[in-house]
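Below is one structure, written out as structure tokens, with a few remarks after it.
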Amino acid sequence: MNFRPETGTAPLAAGVRVTELPASARFSLRAGPAERATAASAFGLDLPARVGARASAAGRSALCLGPDEWVLHAPEAEAAAIRDAFAAIAAEASHSLVDISDREIALGLEGPAVLDLLACGCPRDLARLPVGAGTRTVFDSAQVVLTREAEDRFRLEVWRSFAPHVRALLTTATAELAAGL
0 MNFRPETGTA PLAAGVRVTE LPASARFSLR AGPAERATAA SAFGLDLPAR VGARASAAGR
60 SALCLGPDEW VLHAPEAEAA AIRDAFAAIA AEASHSLVDI SDREIALGLE GPAVLDLLAC
120 GCPRDLARLP VGAGTRTVFD SAQVVLTREA EDRFRLEVWR SFAPHVRALL TTATAELAAG
180 L
């Protein structure tokens with residue numbers, strides 16, 4: 000199985016389909032507990048307080064990666080409005096908002112063997128990750144953020160510079176699963 004960059008997909012093999020997901024606005028937000036409500040208002044969505052929890056509505060999502068850290072997603076067309084909304088609260092709510100849209104790419108992993116595929120490179124027991132939750136972890140040596148979107152579907156975000164490495168590992172792991180290894 001070879002990932003086809005021209006289509007952004009890899010054929011279903013060993014029970015998993017790998018698809019490059021469309022680009023989106025992506026931000027790293029850091030804000031303290033006292034600023035969380037104001038930051039949530041600027042983003043237009045609740046910022047979960049529990050690490051691993053995710054909130055989503057109207058095409059936007061916020062995944063809590065740490066006690067004061069979230070990754071925010073929104074449609075690309077909304078990036079400027081999000082930057083402006085956070086700039087407007089700078090005087091009242093100390094925070095750091097960094098546009099990381101170009102830093103990462105997202106892959107969709109879907110199929111009945113998706114947990115087996117991810118286990119080939121990820122040390123976490125992802126079967127225990129509830130649908131709707133996410134985590135920062137590693138896939139082989141690359142830092143990734145995984146979000147479980149359904150029982151058999153994950154979103155994997157990886158730094159663009161590590162994407163060829165992760166794609167190659169996914170290709171190899173899928174071939175090994177197909178061969179029964």
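With numbering that gives the first Met the number 0, letter number 113 in the sequence shown gets 112, and the count goes up by one each step, no holes. Where a beta carbon is used, it is the ideal one built from N, C-alpha and C, also for glycine.
| Item | Value |
| --- | --- |
| Among 178, 43, 57 and 169, the one whose alpha carbon lies nearest that of residue 118 | 169 |
| Whole-angstrom C-beta distance between residue 69 and residue 61, which should lie under 8 angstroms | 5 angstroms |
| Identity of the residues DSSP links to residue 104 by a beta bridge | 157 |
| Cβ contact check for the stretch 26–33 and the stretch 94–114: 3 or more pairs under 8 angstroms | yes |
| Residue nearest to residue 131 in terms of C-alpha spacing, selected from 145, 141 and 19 | 145 |
| 6 angstroms CB neighbourhood of residue 101 in its chain, flanking five on each side removed | none |
| Residue 180 classed as buried or exposed, judged by whether at least 16 other C-beta atoms fall within 10 angstroms | exposed |
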